[in-house]
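In the numbering used here, the protein residues as written are 8 to 290.
Where is the CB? At the ideal position from N, CA and C, for every residue including glycine.
In this text the structure is predicted, and so the values were computed from the model without any measurement.
Only one structure is covered here, and it is reproduced in the block below.
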Amino acid sequence: MENEKKINWFPGHMAKAMRKTEEDVKLCDGVIYVLDARAPYASINPKLMKIFLNKPVVYALNKSDLISPEAAKKIIADFRAKGLNIERIDGLLKKDTDKLKLACASAVKDKAERNKIKGINKTFRFMVAGIPNTGKSTIINTMSGKKKAETGDKAGVTRSNKWIRLGDIELLDTPGTMPPSMENQRYGEHLAYIGAINDDILDMEGLTLKLIAELKEIAPKEFKEKYKLEDLDKEPLALFDDVCRKRGYVVKGGEVDYGRCARAIIDDLRKGRIGKICFEVEA
Ligand SMILES: Nc1nc2c(ncn2[C@@H]2O[C@H](COP(=O)(O)OP(=O)(O)O)[C@@H](O)[C@H]2O)c(=O)[nH]1
Ligand SMILES: [Mg+2]
């Protein structure tokens with residue numbers, strides 16, 4: 008297996024995206040900050056939060072269909088206890104994105120009232136921000152009922168900013184920005200599992216070994232059932248071998264094919280086929 012690579016999640020274009028965000032947020036009345044419910048704390052970019060400091064931020068706990076209702080409840084309660092405005096949503100459901108729209112309207116309510124008194128009829132603008140692949144473009148499409156923004160299950164589908172008008176609000180779709188440091192390697196791994204980091208720069212086999220170690224702790228039952236494993240009381244590499252053999256990822260001579268099996272396991276995880284798994288019920 009390849010030597011383990013540290014995740015470098017801040018390529019040059021991310022620095023540029025960050026500067027662009029700083030510029031564009033000045034044009035906006037507020038921000039919809041989209042989090043991936045499977046890794047909500049790793050989804051937060053502290054540098055961005057500084058940029059957004061004087062704008063109302065509505066958090067969307069998106070992809071909440073991929074975690075358990077109990078986990079979602081805990082996360083929502085924690086954010087609200089910190090005074091943050093958050094809605095739990097499935098970005099593919101109109102009733103959920105409507106909730107988000109209401110939260111945005113409410114976040115600019117005072118401004119709207121002042122405008123009304125002054126006789127100003129202004130469209131409110133929100134930046135849809137967050138790390139890549141959290142569902143920003145999907146939310147915009149669901150809100151509008153049309154495919155206005157391009158979506159796809161990998162990082163980097165949205166390449167540039169785009170304004171989208173939805174009746175009385177305008178949304179700015181953005182490519183997303185990553186945290187600008189690698190200080191928290193654990194968060195880095197979570198982001199890699201969920202597809203927020205471009206797979207091309209990842210060591211998938213090393214990542215899968217880490218994922219197996221983590222699943223053994225946080226979702227032993229789901230992991231065991233999914234791959235019909237008899238015994239989890241082994242080293243991650245031995246479990247990786249077991250999954251390879253159970254799934255038939257074996258090449259001529261009986262050697263296991265870690266590469267193909269790693270991709271299959273990561274894909275199962277991302278599509279929710281292992282179970283409803285949240286890597287960060289707590290920060
Ligand atoms: N299960 C689930 N998938 C979602 C949800 N929102 C978005 N997706 C999927 O996540 C992937 C990335 O979505 P996209 O909107 O392109 O993310 P963006 O990079 O943040 O704009 C797509 O395959 C979407 O179908 C959700 O709430 N639940
Ligand atoms: Mg997008």
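Closer than 6 Å: residue i CB and nearest ligand 1 heavy atom
{"i": "Leu-222", "result": "no"}
{"i": "Ala-151", "result": "The question names Ala, but residue 151 in the sequence shown is Ser. Checking every heavy atom of ligand 1 against the Cβ of Ser-151, none is found closer than 6 Å."}
{"i": "Thr-141", "result": "yes"}
{"i": "Asn-69", "result": "yes"}
{"i": "Leu-173", "result": "no"}
{"i": "Gly-255", "result": "no"}
{"i": "Leu-99", "result": "yes"}
{"i": "Gly-282", "result": "no"}
{"i": "Leu-73", "result": "yes"}
{"i": "Asp-160", "result": "yes"}
Beta strand (DSSP E) segment containing residue i, residue limits
{"i": "Leu-173", "result": "169-173"}
{"i": "Asp-72", "result": "No beta strand (DSSP E) contains Asp-72, which DSSP labels as neither H nor E."}
{"i": "Leu-178", "result": "176-180"}
{"i": "Ala-156", "result": "Ala-156 -> no beta strand (DSSP E), and no H or E assigned at all."}
{"i": "Ile-58", "result": "Where Ile-58 is concerned, there is no enclosing beta strand (DSSP E), although the alpha helix (DSSP H) it sits in stretches over 53-58."}
{"i": "Glu-94", "result": "92-95"}
{"i": "Ile-138", "result": "Taken as a continuous stretch (DSSP letters only), Ile-138 belongs to no beta strand (DSSP E), as it is neither H nor E."}
{"i": "Gly-37", "result": "37-43"}
Whole-angstrom distance between residue j and residue i, CA atom to CA atom
{"i": "Ala-291", "j": "Leu-100", "result": "Because the chain here runs from 8 to 290, residue 291 falls outside it and cannot be looked at."}
{"i": "Cys-285", "j": "Ala-78", "result": "7 Å"}
{"i": "Lys-89", "j": "Asn-52", "result": "16 Å"}
{"i": "Ala-24", "j": "Leu-246", "result": "40 Å"}
{"i": "Arg-267", "j": "Ile-96", "result": "33 Å"}
{"i": "Lys-106", "j": "Val-115", "result": "15 Å"}
{"i": "Val-38", "j": "Glu-242", "result": "44 Å"}
{"i": "Glu-30", "j": "Tyr-234", "result": "48 Å"}
{"i": "Arg-193", "j": "Glu-221", "result": "11 Å"}
{"i": "Leu-276", "j": "Thr-104", "result": "25 Å"}
{"i": "Ile-225", "j": "Leu-34", "result": "42 Å"}
{"i": "Lys-81", "j": "Val-288", "result": "7 Å"}
{"i": "Gly-260", "j": "Arg-252", "result": "13 Å"}
{"i": "Ile-171", "j": "Asn-205", "result": "26 Å"}
{"i": "Ala-203", "j": "Gly-126", "result": "44 Å"}
{"i": "Leu-236", "j": "Val-250", "result": "8 Å"}
Opening and closing residue of the alpha helix (DSSP H) in which residue i lies
{"i": "Asp-207", "result": "Counting along the chain, Asp-207 falls outside any alpha helix (DSSP H), and DSSP gives it neither H nor E."}
{"i": "Tyr-256", "result": "Looking at the DSSP string, Tyr-256 is not in any alpha helix (DSSP H), and its letter there is neither H nor E."}
{"i": "Leu-100", "result": "Here Leu-100 belongs to no alpha helix (DSSP H), and DSSP marks it neither H nor E."}
{"i": "Arg-87", "result": "76-88"}
{"i": "Gly-279", "result": "Counting along the chain, Gly-279 falls outside any alpha helix (DSSP H), and DSSP gives it neither H nor E."}
{"i": "Ala-199", "result": "192-200"}
{"i": "Pro-63", "result": "It is not in any alpha helix (DSSP H) - Pro-63 carries neither H nor E in the DSSP assignment."}
{"i": "Ala-119", "result": "116-124"}
Check whether residue i and residue j have beta carbons under 7 Å apart
{"i": "Thr-141", "j": "Asp-43", "result": "yes"}
{"i": "Gly-279", "j": "Leu-68", "result": "no"}
{"i": "Tyr-256", "j": "Glu-212", "result": "no"}
{"i": "Arg-121", "j": "Glu-177", "result": "no"}
{"i": "Val-263", "j": "Asp-248", "result": "yes"}
{"i": "Ala-199", "j": "Leu-216", "result": "no"}
{"i": "Ala-156", "j": "Asp-117", "result": "no"}
{"i": "Ser-151", "j": "Leu-173", "result": "yes"}
{"i": "Tyr-48", "j": "Val-64", "result": "no"}
{"i": "Ser-50", "j": "Ile-138", "result": "yes"}
{"i": "Ala-46", "j": "Ile-201", "result": "yes"}
{"i": "Thr-165", "j": "Pro-182", "result": "yes"}
Residue i Cβ short of 6 Å to ligand 2 heavy atom set
{"i": "Ser-144", "result": "yes"}
{"i": "Val-135", "result": "no"}
{"i": "Val-41", "result": "no"}
{"i": "Thr-165", "result": "yes"}
Burial state of residue i, where buried means 16 or more other Cβ atoms lie within 10 Å
{"i": "Ser-113", "result": "exposed"}
{"i": "Asn-148", "result": "buried"}
{"i": "Asp-365", "result": "Residue 365 falls outside the range modelled here, since the chain spans only 8 to 290, and no answer is possible."}
{"i": "Met-185", "result": "buried"}
{"i": "Ile-58", "result": "buried"}
{"i": "Lys-70", "result": "buried"}
{"i": "Ala-136", "result": "buried"}
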